[in-house]
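Comments concern the structure below.
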Amino acid sequence: MTNIGNELGQVLNSVLTTAEGAGLEELCQGVVKRYQNAGEPEPEVIYVDRDCCSQSEHHPLYGTFCSKLSSCIFEWDQEDVKELKAAKRGEWKSSHGGQTPTEAQLMASISPGELAKHCRRRTRKAEEIRAMISGLLESVWELSDTTGLRLVNPDSMHHVWEMQQKHLECIQDPPHVELYTKTGTLQKGGKVLNVLRCGRGSSSLESFHRHQCAFIPGK
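Take 257 as the starting number for the sequence shown in this note's numbering and just add one per residue.
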């Protein structure tokens, strides 16, 4: 299953295929034609989610690896993080008799959901991403689970990374597209924080999966 969405979280098209092929080009051209027929300018950015609605088993270290990989690609807006930390510091003091938390305690009190809700992220520069992912891969070559199964196969991963580096420019945030929308505010720790919604990536497409599973026949 291949889905295409835009920066507004709207699903533009969805197609069921058996594999990658020339048909995917037709899918993209179909989206372009729809914009032309509607007299609208072509989208500046689209997000594609491929090979969804399938089952897979992950290595025990897969989640940790993906988290570190995400950190190699994205960086948080430090002003947004500063405001969130100030709010969480006030929240901590309120619940701990005025005691000021250490930096470690403060960061541990901030959940991933709070970061995503109140802070913007942006993609790092392509060369920085390349250097950081290369460093990450160097650190995981020998990692394995309790059965001795390696997290990555060095030979195949070397090949994959060599092939995928050409796409680093493709995943850069478009410079003239605002990917975040302010949907409201809330009070936390005596501070007012913005509530943000991000249009980057395939989150809206992934939420569409459960509906697709319902109308695709078979197991």
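Beta carbons: idealized from backbone N, C-alpha and C, even for Gly. Please read all numbers here as calculations on a predicted model, not as lab measurements.
- Where T356 is concerned, there is no enclosing beta strand (DSSP E), because DSSP gives it neither an H nor an E.
- Residue environment for K344: buried (at least 16 other C-beta atoms within 10 angstroms of its C-beta).
- Of the candidates E339, Y291, K373, L268, K373 places its Cα closest to the Cα of T439.
- In this structure, the CA atom of C426 is about 11 Å from the CA atom of I302.
- Membership of L393 in the alpha helix (DSSP H) is indicated by the continuous run 382 to 396.
- For S400, same chain residues with a beta-carbon under 6 Å away, outside a window of 5 residues either side, are R406 in chain order.
- A distance below 8 Å between beta-carbons, with the five flanking residues on each side excluded, links A382 to the following residues of its chain, in chain order: L424, E425, Q428.
- The alpha carbon of R386 has as its nearest neighbour, out of S323, K422, S367, L362, the alpha carbon of K422.
- Counting along the chain, the unbroken alpha helix (DSSP H) around K341 starts and ends at 334 to 351.
- Counting C-beta pairs closer than 8 Å gives fewer than three between the region 276 to 296 and the region 357 to 369, which falls short of the contact rule.
- With respect to the 8 Å criterion, E300 and Y291 are not classified as neighbours on the basis of their beta carbons.
- Nearest in C-alpha terms to D336, of all of E434, T441, L371, is L371.
- Of the other Cβ atoms in all chains shown, fewer than 16 fall within 10 Å of the Cβ of V288; this residue is therefore exposed.
- Distance from the CA atom of Q266 to the CA atom of T358, rounded to whole angstroms, is 42 Å.
- In the DSSP assignment, C454 falls within the unbroken beta strand (DSSP E) covering 447 to 454.
- In this structure, E331 lies near R378, with their beta-carbon atoms less than 8 Å apart.
- Distance check between H315 and each of A294, V396, L435 places V396 closest, using alpha-carbon atoms only.
- Boundaries of the beta strand (DSSP E) harbouring L442: 436 to 444, taken from the DSSP string.
- Secondary structure at L268: strand, using DSSP grouped into helix, strand and coil.
- The three-state reading of DSSP puts T379 in strand, counting E and B together.
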